[in-house]
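Trainee:
In this note's numbering, the protein residues as written are 596 to 772.
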């Protein structure tokens, strides 16, 4: 995984902003108490292994679905915490797209071309390297609107494709922090 930049919206800066806001408002800053937070750690470890170890596609798709389900359970159990309902909604949208497209997140050939990946580096209908993505044309994709079709802007330091679910997950995490 690429290391996030140490500035502009890092966890330290968000924590400092939260501390300052609480101080200005005369409130005490308190970290929320989460139930079964180890589910998130387990899901992250599974995703890390998923991206580092070449698994047979049926095993990889089951691992991906399982690793998406764990944080959904966490989000549901903690849904009364601010932002976790939004995070859970994003996870549910991603899980729907993955589950209805063979256990992998669909990505369109046009998206790969826009990212600068030449056609000889991927095959329609097959998994993109060791990623979670399955290359599928829009017409063959179930719920294509929930697939990885959004692209980070050229000026952004990390170039990649992401889904609407990813946007909601990020917004939910930001809200929680």
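From the three backbone atoms N, C-alpha and C, an ideal C-beta is built for every residue, glycine too.
Only a predicted model underlies this, so the values are computations on that prediction, with no experimental measurement involved.
1. Give the range of the beta strand (DSSP E) segment to which residue 702 is assigned.
2. Which runs of the beta strand (DSSP E) spanning at least 3 residues fall entirely within the stretch 695-733, listed in chain order?
3. Cutting at 8 Å between CB atoms, please list the residues of its own chain near residue 674, excluding the five before and the five after it.
4. Between the stretch 718-734 and the stretch 694-706, do at least 3 Cβ pairs fall closer than 8 Å?
5. First and last residue of the alpha helix (DSSP H) that includes residue 656?
6. What alpha helix (DSSP H) runs, 4 residues minimum, are completely inside the stretch 746-771?
7. Would you decide whether residue 748 is buried or exposed? Buried here means 16 or more other CB atoms lie within 10 Å of its CB.
8. So, residue 773 versus residue 720, is the Cβ gap smaller than 8 Å?
9. Suppose contacts are defined by Cβ-Cβ distances below 8 Å. Is residue 760 in contact with residue 741 by that definition?
10. Apply the 10 Å Cβ neighbour rule to residue 645 and answer buried if 16 or more other Cβ atoms are within range, or exposed otherwise.
11. Does the distance from the C-beta atom of residue 691 to that of residue 667 stay below 8 Å?
12. Among 676, 685, 612, whose alpha-carbon lies nearest the alpha-carbon of residue 620?
13. Using the C-alpha atoms, what's the distance from residue 698 back to residue 764?
Mentor: Taking the geometry as given:
1. 700-702
2. 700-702, 728-730
3. 680, 683
4. With the cut-off at 8 Å, the stretch 718-734 and the stretch 694-706 touch.
5. Where residue 656 is concerned, the enclosing alpha helix (DSSP H) stretches over 652-672.
6. Taken in chain order, the complete alpha helix (DSSP H) segments of 4 or more residues contained in the stretch 746-771 are 759-771.
7. exposed
8. Since the first residue shown for the chain is 596 and the last is 772, residue 773 is missing from the structure and cannot be characterised.
9. yes
10. buried
11. no
12. 612
13. The alpha-carbon atoms of residue 764 and residue 698 are separated by roughly 19 Å.
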